[in-house]
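Please read the structure below before turning to the comments.
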Amino acid sequence: MFTFSTRMVRSTIIVLICFLSIQLVHTQPIRKDLLNPHYLNYKGAPVLLITSAEHYGSVINLDFDYNTYLQTMHDEGMNYTRIFTGSYVEVPGSFGITNNTLSPAVGKFLAPWQRVDEPGLFEAEGKFDLNQWNDQYFLRLHDFIRKAQSLDIIVEVTFFCATYQDGNWLRHPFNPDNNINELGTLDRKEFNSLENDKAVHFQKELLIKLVKELNRYDNIFFELCNEPWADNGDNVAFLHKTLIPRENSLGWLLWATAATGRTLEWQDELTETFRETESNLEKKHLLAQNYSNFKSSLATVHDGIDILNFHYAWPESVTQNYGWDRPVNFDESGFAGTHDTTYLQEAWAFILSGGAIFNGLDYSFYPGKEDGTGTNEAPGGGSTNFRRQLKFLNEFMSTFEFIKMRPADPLMIHSPGMESFCLADPGQSYAIYVQGRNQGVIHLKLPDGHYTVNIFNPDTGRMLKQTNISGGEDITLEIPANNRLAIGMKRR
Numbered sequence: 000m001f002t003f004s005t006r007m008v009r010s011t012i013i014v015l016i017c018f019l020s021i022q023l024v025h026t027q028p029i030r031k032d033l034l035n036p037h038y039l040n041y042k043g044a045p046v047l048l049i050t051s052a053e054h055y056g057s058v059i060n061l062d063f064d065y066n067t068y069l070q071t072m073h074d075e076g077m078n079y080t081r082i083f084t085g086s087y088v089e090v091p092g093s094f095g096i097t098n099n100t101l102s103p104a105v106g107k108f109l110a111p112w113q114r115v116d117e118p119g120l121f122e123a124e125g126k127f128d129l130n131q132w133n134d135q136y137f138l139r140l141h142d143f144i145r146k147a148q149s150l151d152i153i154v155e156v157t158f159f160c161a162t163y164q165d166g167n168w169l170r171h172p173f174n175p176d177n178n179i180n181e182l183g184t185l186d187r188k189e190f191n192s193l194e195n196d197k198a199v200h201f202q203k204e205l206l207i208k209l210v211k212e213l214n215r216y217d218n219i220f221f222e223l224c225n226e227p228w229a230d231n232g233d234n235v236a237f238l239h240k241t242l243i244p245r246e247n248s249l250g251w252l253l254w255a256t257a258a259t260g261r262t263l264e265w266q267d268e269l270t271e272t273f274r275e276t277e278s279n280l281e282k283k284h285l286l287a288q289n290y291s292n293f294k295s296s297l298a299t300v301h302d303g304i305d306i307l308n309f310h311y312a313w314p315e316s317v318t319q320n321y322g323w324d325r326p327v328n329f330d331e332s333g334f335a336g337t338h339d340t341t342y343l344q345e346a347w348a349f350i351l352s353g354g355a356i357f358n359g360l361d362y363s364f365y366p367g368k369e370d371g372t373g374t375n376e377a378p379g380g381g382s383t384n385f386r387r388q389l390k391f392l393n394e395f396m397s398t399f400e401f402i403k404m405r406p407a408d409p410l411m412i413h414s415p416g417m418e419s420f421c422l423a424d425p426g427q428s429y430a431i432y433v434q435g436r437n438q439g440v441i442h443l444k445l446p447d448g449h450y451t452v453n454i455f456n457p458d459t460g461r462m463l464k465q466t467n468i469s470g471g472e473d474i475t476l477e478i479p480a481n482n483r484l485a486i487g488m489k490r491r
């Protein structure tokens, strides 16, 4: 008779535990990496989210063919997109965007709530009943997330947004004249606050509904609010340290602006609602908070927040907040011209400073051009070529065990005429990006050892040089004559 020995039983149990552990890892939502909390992990592997994606209207704009869009993103190596949930919408001409996915044509704005047969303020579009969910919306939302998951595209789901302009408020579902729910007096600048109890009630109901509906998916993380400082903001850092600013004299582009106290209180309340809701659900998802434009050193971070979001982010948004041990997200690009080179430089500098996520706002996607070949009048860039360039950035980083890397000591590199950005696993591997007035050399301080050096053109992905060097206190590396270079060094 065949019998199991104690050793055989123990071995079988260990094998089963290992198998189940592997299966569990592969069925978890995207999460912070356990080895390095500054990065993300998806399906059991570290991942950088690097993308150039549409203007957040994939689901709410019925004219937008998201199947073509998502397939294009996948085919071109983009692994991340961002959507708004319908609690905010734009009108034609918002921000000078000619073809705007976030400004659906009249009658094509799909929101989470049912409309009633009573005209609202904008082009007689029907008012909303905030007590009635719109099944068509949730069917489209599920289909979008499911399709993205099948293509390994991560989706950032943003619950709310600043309103910015009176024109946008005319179409806003929470404008008291656009719904039948008797919200009373509600100014657009009060929307992202706790001022109106009825509005807060419906905001929480939407958040809870979305969290429950989407709990089954692994390829999502959530964000509380897009640019909450835009309606209720304080200037927290002047970006030109040698100038003395005068109030309102130099424009928003020269300030880092963060949300005011009442908007922070509102976000804290929503964070608690989010965590309480997910505590009773099977899967636990990451939650991001959008702190400021450009950069700011955060004074506090709520325990319930996992990802630190910045817009038009400087590399310092990573380094100044590295001690919070969370992934930092360059959540939106733009307002720096229409040339893709500008945004490519931003992406390399940010990721090579330790950033985990880069989202280039791509205006080449809009209804009729879901393949990303459109030409648009808009305050930003985006193109097929730019997406190819971002794909190379991700491929370059994937040649390293970046999970072991940290921002390098800036004193280890002297790059005459050029800015340098470096991630290092000291003595093992170095990922370097330099840009500026190339003088033909950079100087390095490296631990003893022998290293293989590969130098690339980040615009094309073409290797320009391969060489070997040895470590030391003052190593001179001759570099090709290009004003932007990506340099990979690994111990041999």
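Those letters in the sequence shown? Residues 0 to 491, per numbering that gives the first Met the number 0, in order.
Note that beta-carbon positions come from the ideal geometry of N, C-alpha and C, so glycine has one too.
Source: prediction; values computed, not measured.
{"query": "Beta-carbon separation (whole angstroms), Asn289 vs Pro227, contact threshold 8 Å", "result": "6 Å"}
{"query": "C-beta contact flag for Lys146 and Leu69 at 9 Å", "result": "yes"}
{"query": "For Phe190, the three-state DSSP class (helix, strand or coil)", "result": "coil"}
{"query": "Start and end residues, beta strand (DSSP E) containing Lys282", "result": "Here Lys282 belongs to no beta strand (DSSP E), and DSSP marks it neither H nor E."}
{"query": "Whole beta strand (DSSP E) elements within the region 180–237, 3-residue minimum", "result": "219–225 and 232–237"}
{"query": "CB of Thr157 within 9 Å of CB of Ile207, strictly", "result": "no"}
{"query": "Residue ranges of each alpha helix (DSSP H) within the region 337–407, 4 or longer", "result": "339–350 and 383–397"}
{"query": "From Gly371, Gly353, Asp142 and Val105, residue whose alpha carbon lies closest to that of Tyr429", "result": "Gly353"}
{"query": "Within 9 Å, strictly: CB atoms of Pro172 and Trp254", "result": "no"}
{"query": "Beta-bridge pairing of His493 - partner residues as DSSP gives them", "result": "The structure shown does not extend to residue 493, since the chain spans only 0 to 491, so no value can be given for it."}
{"query": "Close beta carbons around Asp217, own chain, < 6 Å, minus the five adjacent residues each side", "result": "Pro28"}
{"query": "Burial state of Thr398, where buried means 16 or more other Cβ atoms lie within 10 Å", "result": "exposed"}
{"query": "Residues bridged to Val300 (per DSSP)", "result": "Val300 pairs with nothing; no bridge assigned."}
{"query": "Assigned secondary structure, Trp112 (DSSP; H/G/I helix, E/B strand, else coil)", "result": "strand"}
{"query": "Pair within 9 Å by beta-carbon distance, Thr383 and Ser363", "result": "yes"}
{"query": "Beta-carbon gap between Pro406 and Phe349 smaller than 9 Å", "result": "no"}
{"query": "Residues that DSSP places opposite Asn331 in a beta bridge", "result": "Here residue 331 turns out to be Glu, not Asn, going by the sequence shown. According to DSSP, which records beta bridges pairwise, Glu331 is partnered with His310."}
{"query": "When Arg274, Ser86, Gly371 and Gly381 are compared against Ser332, the one with the closest alpha-carbon", "result": "Gly381"}
{"query": "At least three beta-carbon pairs within less than 8 Å, the region 51–61 to the region 196–203", "result": "no"}
{"query": "Nearest-angstrom Cα separation, counted from Phe127 out to Pro175", "result": "10 Å"}
{"query": "Integer-rounded CB distance, given that Phe201 should sit under 8 Å from Asn180", "result": "7 Å"}
{"query": "Thr262 (DSSP reduced to helix, strand or coil)", "result": "helix"}
{"query": "Check whether Asp305 and Phe237 have beta carbons under 9 Å apart", "result": "no"}
{"query": "With 16 other Cβ atoms within 10 Å as the buried cut-off, status of Ala423", "result": "buried"}
{"query": "Close-in-space but distant-in-sequence residues of the same chain around Gln22 (CB under 7 Å, 5 per side omitted)", "result": "Note that Gln22 scores 49 on pLDDT, short of 50, meaning its location in the model is unreliable and no value can be drawn from it."}
{"query": "Which of helix, strand or coil DSSP assigns to Glu53", "result": "coil"}
{"query": "Candidates Asn225, Gly303 and Thr337, of which the one nearest Asn292 by Cα", "result": "Asn225"}
{"query": "Own chain, CB closer than 8 Å to Leu389, minus 5 neighbours either side, in chain order", "result": "Ile49, Thr50, Ser51, Gly76, Met77, Leu343, Ala346, Phe357 and Gly359"}
{"query": "Rounded separation between Lys489 and Glu400 - CA only", "result": "11 Å"}
{"query": "Residues near Glu268 in its chain [Cβ-Cβ closer than 7 Å; skip 5 each side]", "result": "Leu193"}
{"query": "9 Å Cβ cutoff met for Arg139 and Asn167", "result": "no"}
{"query": "The ligand SAH heavy atom lying under 8 Å from the CB of Leu484", "result": "Among the components modelled here there is no ligand, and therefore nothing to report on the ligand SAH."}
{"query": "Cβ pair Pro36, Pro326 closer than 9 Å", "result": "yes"}
{"query": "Test item: CB-CB of Asp330 and Ala312 under 9 Å", "result": "yes"}
{"query": "Backbone CA spacing between Asn308 and Phe121 [nearest angstrom]", "result": "32 Å"}
{"query": "Member of Phe143, Asp408 and Thr340 whose CA lies at the smallest distance from the CA of Gln434", "result": "Thr340"}
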